[in-house]
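Participant: One structure, pasted below without further comment.
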Amino acid sequence: MTAITYSTSDVPSPPLSARLSTPQVWGIVMLAPYLLVFLAFVVYPIGYGLWLARHPASYVALYNDPVFARAVVNTLIFLIIGINLKMLVALFLSGFFVQSRTWIRWLSVLFILPWAVPSIPTILSVRFMFNPEWGVINNLIFKFTGEDGPNWLNDPAMGLTLAILVHIWKSLPFWTLILMTGRLAISTDMFEAADVDGASWWQKFRFITWPSMQTLYLTCTLLSMIWTLGDFNSVYLLTGGGPADLTHVLSTLGIRYLRLDQLDMSMASIVCAMPLVLPLVYFMMKRLSR
Amino acid sequence: MRVPTLREVGTEARLLLIGIPVLIWTLIPIYHMFLFAISPKQDAFAGKLWPDHPTLNNFRIVFNQQHYFLRDFWAQFLNSVVIAVAVGALTLVIATSAAFAISRLRVRGGRTVMNMALFTYFIPAAFLAVPMYRTMGNYGLLNNHWSLILAMVTIASPYAIWVLKQASDKLPLELDEAAIMDGATPLQLFRMVYVPLMLPSLVAIGTYALLLAWNEYLYAFLLLSKDTEITLPVALGNFLAADDSPWELLMTTGFIYALPPAAVYYAFRRYMVGGLTAGAVKS
């Protein structure tokens, strides 16, 4: 496999020019554009950001800001309830979509739509659906009950719930698709054997499907957590962090402080998100570089 | 014709009981957007489920830029196209050559670069947005399309390199050896052997980067601000600035904006699902 890397490492310390074979030089040249991008737009911004967030006072101010504490709680709700709900539904639906029916195949084509269209217009569409005065939801509520509907997005709990639902709406197809590939990889022989033995639906899931899918399911959950931590659009465009800054999550908080011209707080809030992000990233990297 | 047994009917009914709610759940926000796009203002705001007089008038207003919020629609549309295409092309060039260097030339330190890139891929882009914004300010690139292009290339490249490296590891090494025997230089190897063989993956990655840039909101709204320089999603977000926003026009613009990526997605579905999702979660 070293046919093209003319390795000369067995020669005792030749001059540098001799050690750099032509493919190595070309390799460095071809890697250079990415390295430049990486240095200029990843290393420098991170270093600069850490430097901006160097004052302990920023963290004290952050700690004393109720908006920050609320954002942490919201983020945890988003992750723990939102993601697990989403992945459970995706696991369930993956079982539905692997059924071989023509209409289910057509449905699966439509089902991908939320993932295929950009999130901004659909989030704005949902936002207007729940507009208390003009939205279609409250219009229907009024039509059928004669009473005014709730003030959806002006209620922090409902605002956050809707943001989670929008997030689920957007990313459910992707995870369902991934879990479907996991299900399709299971040999059908096992299910046939289980049918012969008269296994129930639950037993088939518990003893065949789940054991062969649990690694995939866990990986998906972790990856989804990382991506959800960075989901800015679902919250920012639906509630804008409001009412009264009660629905912020960690990914929108940095922008909030930036808009208030509190750059150090903005950076500090991002640094504070790292204890949540980095372990997940570490775990995923270990998984992928195996 | 065979009469289905009671059991079969039961199974079918249960599947429908799942399928119908899934269909409704999936389509509601998109249908709502579509409904607004084809409704005159008073119908849309009356909460009707189908307009009395469906019309394409909203599209006419958008295309002719006949509203305050839409006066730069075509400029913004063009910005989105130019930036997406530039990001797709630049990501392809950078990622393909990097993957070639790491996987085929086995450049020293390639594995480290790969790991650094993967690390960047996993850090959510939203957390890099504020530092990136300040960095672009320091570089004097704010309000310049290059700032968004470079930022999106930075975000798209790691995953692109990773997927392309995985794909190129699968190419047989004998091909390279044969080419080198014939006296091919690494550059010729890249141009005449590597790129043609990698074409399907390159299409997938180019599409991935293109869609990523087209769909991006956060970076676009931080890095660009002049009305004639912003991209479409930022323009859509700007509709929210006013209380009396023309929602039917917002939805129409959103609908137009959502069509190209949806079309691209469905056209390349085979590549996207096979190439990208398999790479996303290697278990």
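Which chain is which? The protein sequence lines are E and Z, in order. Every letter in the first sequence is one number past the one before it in this note's numbering, and letter 102, counting from 1, is 102. Every letter in the second sequence is one number past the one before it in this note's numbering, and letter 153, counting from 1, is 1153. All residues carry an ideal CB built from backbone N, CA and C; glycine is no exception. All values reported here derive from a predicted model rather than from experimental measurement.
List, from N- to C-terminal side, the beta strand (DSSP E) runs of 3 residues or more that fit wholly inside the region 1133–1204 of chain Z.
Facilitator: Correct list: empty.
Participant: Hey, which unbroken runs of the alpha helix (DSSP H) at 4 residues or more fall wholly within the region 38–108 of chain E?
Facilitator: Listed in chain order, they are 44–52, 56–64, 66–77 and 84–97.
Participant: Have a look at proline 956 of chain Z and isoleucine 1038 of chain Z and give me their C-alpha separation to the nearest angstrom.
Facilitator: The structure shown does not extend to residue 956 of chain Z, since chain Z spans only 1001 to 1283, so no value can be given for it.
Participant: Identify which residue in E:Asp231, E:Ala194, E:Met284 and E:Gln262 has its Cα closest to the Cα of tyrosine 217 of chain E.
Facilitator: Out of E:Asp231, E:Ala194, E:Met284 and E:Gln262, E:Met284 has the C-alpha closest to the C-alpha of tyrosine 217 of chain E.
Participant: For the alpha helix (DSSP H) that tyrosine 257 of chain E lies in, which residues bound it at each end?
Facilitator: Residues 250–259.
Participant: Can you round the beta-carbon distance between alanine 1092 of chain Z and isoleucine 1205 of chain Z to whole angstroms, since I take them to be within the 8 Å contact cut?
Facilitator: Correcting the residue identity first, residue 1092 of chain Z is leucine in this sequence and not alanine. At roughly 6 Å, the Cβ-Cβ gap stays under 8 Å, so leucine 1092 of chain Z and isoleucine 1205 of chain Z are in contact.
Participant: Could you tell me the alpha carbon to alpha carbon distance between glycine 49 of chain E and threonine 221 of chain E, rounded to whole angstroms?
Facilitator: Those two C-alpha atoms are separated by around 29 Å.
Participant: Report the neighbours of glycine 159 of chain E on chain Z: residues whose CB is nearer than 7 Å to its CB, in chain order.
Facilitator: Residues of chain Z passing the Cβ test: none, with the nearest at roughly 15 Å.
Participant: In terms of residue numbering, what span does the alpha helix (DSSP H) encompassing valine 196 of chain E cover?
Facilitator: That run of the alpha helix (DSSP H) goes 188–196.
Participant: On the criterion of 16 or more Cβ atoms from any shown chain inside 10 Å, does asparagine 138 of chain E qualify as buried, or is it exposed?
Facilitator: That one is buried.
Participant: Could you tell me whether the Cβ of leucine 76 of chain E comes closer than 8 Å to any Cβ of chain Z?
Facilitator: No - not a single Cβ of chain Z is within 8 Å of the one on leucine 76 of chain E.
Participant: Does chain C have any CB closer than 8 Å to the CB of valine 1107 of chain Z?
Facilitator: Although the question refers to chain C, the structure presented lacks it and instead comprises the protein chains E and Z.
Participant: CA-CA distance, leucine 1212 of chain Z and threonine 215 of chain E?
Facilitator: When rounded, the distance between both Cα atoms is 28 Å.
Participant: Just the chain E side, please: which residues come within less than 8 Å of arginine 1134 of chain Z by C-beta, in chain order?
Facilitator: In chain order: Pro45, Tyr48, Gly49, Leu52 and Leu263.
Participant: Over what stretch of residues does the alpha helix (DSSP H) that includes tryptophan 1050 of chain Z continue unbroken?
Facilitator: Here tryptophan 1050 of chain Z belongs to no alpha helix (DSSP H), and DSSP marks it neither H nor E.
Participant: Determine whether the beta carbon atoms of methionine 1152 of chain Z and valine 1087 of chain Z lie at a separation below 8 Å.
Facilitator: Yes; because the gap between Cβ atoms is below 8 Å, this pair is in contact.
Participant: Taking DSSP as the reference, what is the three-state secondary structure of aspartate 264 of chain E?
Facilitator: In the structure shown, aspartate 264 of chain E sits in a helix (DSSP, three-state: H, G or I).
Participant: Who are the near neighbours of glycine 1254 of chain Z in its chain, counting only those whose CB is closer than 7 Å to its CB and skipping five residues on each side?
Facilitator: For glycine 1254 of chain Z, where only same-chain residues beyond five positions count, the Cβ hits under 7 Å are Met1033 and Leu1236.
Participant: What does valine 42 of chain E touch in chain Z if you count any residue whose Cβ is under 7 Å from its own?
Facilitator: Residues of chain Z passing the Cβ test: Thr1120 and Thr1154.
Participant: Considering leucine 1105 of chain Z, what are the terminal residues of the alpha helix (DSSP H) in which it resides?
Facilitator: Here leucine 1105 of chain Z belongs to no alpha helix (DSSP H), and DSSP marks it neither H nor E.
Participant: Does any residue of chain Z bring its CB to less than 8 Å from the CB of isoleucine 208 of chain E?
Facilitator: Not one chain Z Cβ lies under 8 Å of isoleucine 208 of chain E.
Participant: Looking at chain E, which residues of the region 1168–1181 of chain Z have a Cβ within less than 7 Å of any of its Cβ atoms?
Facilitator: So the list reads Leu1173, Asp1176, Glu1177 and Ile1180, given in the order they occur along the chain.
Participant: Which residues of chain E have a Cβ atom closer than 8 Å to the Cβ of alanine 1129 of chain Z, listed in chain order?
Facilitator: Per Cβ cutoff of 8 Å: Phe232, Gly254 and Ile255.
Participant: How about glycine 1019 of chain Z: is its C-beta nearer than 8 Å to some C-beta of chain E?
Facilitator: Answer yes: the Cβ-Cβ gap between glycine 1019 of chain Z and chain E drops below 8 Å somewhere.
Participant: Closest to leucine 1015 of chain Z by C-alpha separation, out of E:Phe38, E:Leu31 and E:Ser94, would be which residue?
Facilitator: Closest option to leucine 1015 of chain Z, Cα to Cα, is E:Ser94.
Participant: Can you check which of these residues, E:Pro150, E:Leu79 and E:Leu107, is closest to alanine 297 of chain E by C-alpha distance?
Facilitator: Residue 297 of chain E is absent from the model: chain E starts at 1 and stops at 290.
Participant: Give the residues from the region 1080–1104 of chain Z that approach chain E closer than 8 Å (Cβ to any Cβ), ordered along the chain.
Facilitator: So the list reads Val1093, Ile1094, Ala1095, Ser1097, Ala1098, Phe1100, Ala1101, Ile1102 and Arg1104, given in the order they occur along the chain.
Participant: Where do the N-terminal and C-terminal ends of the alpha helix (DSSP H) with glutamate 1229 of chain Z fall, by residue?
Facilitator: Glutamate 1229 of chain Z -> no alpha helix (DSSP H), and no H or E assigned at all.
Participant: What's the call for phenylalanine 142 of chain E, buried or exposed, on a 16-neighbour Cβ count within 10 Å?
Facilitator: Answer is exposed; the Cβ neighbour count stays below 16.
Participant: Tell me whether phenylalanine 130 of chain E sits in a helix, a strand or coil according to DSSP, three-state version.
Facilitator: In this structure, phenylalanine 130 of chain E counts as coil in the three-state DSSP scheme.
Participant: Taking any Cβ of chain Z, which residues in the region 183–209 of chain E have a Cβ under 8 Å from it, in chain order?
Facilitator: So nothing in the stretch comes that close.
Participant: The alpha helix (DSSP H) that contains serine 224 of chain E, what's its start and end?
Facilitator: Run containing serine 224 of chain E: 210–229, per the alpha helix (DSSP H) assignment.
Participant: For a test of the three-state rule: what should DSSP assign to glycine 241 of chain E, helix, strand or coil?
Facilitator: In this structure, glycine 241 of chain E counts as coil in the three-state DSSP scheme.
Participant: Report yes or no: is there a C-beta of chain E within less than 8 Å of the C-beta of tryptophan 1074 of chain Z?
Facilitator: Not closer than 8 Å to any Cβ of chain E, the Cβ of tryptophan 1074 of chain Z fails to qualify, so no.
Participant: Which complete beta strand (DSSP E) runs does the region 117–176 of chain E hold, if anything under 3 residues is left out?
Facilitator: Listed in chain order, nothing qualifies, since the region 117–176 of chain E has no complete beta strand (DSSP E) run of 3 or more residues.
Participant: Does alanine 18 of chain E have its Cβ less than 8 Å from a Cβ in chain Z?
Facilitator: Note that alanine 18 of chain E has pLDDT 49, beneath the 50 cutoff, so the model's placement of it is unreliable and the number below is only indicative. Cβ-Cβ to chain Z under 8 Å: no for alanine 18 of chain E.
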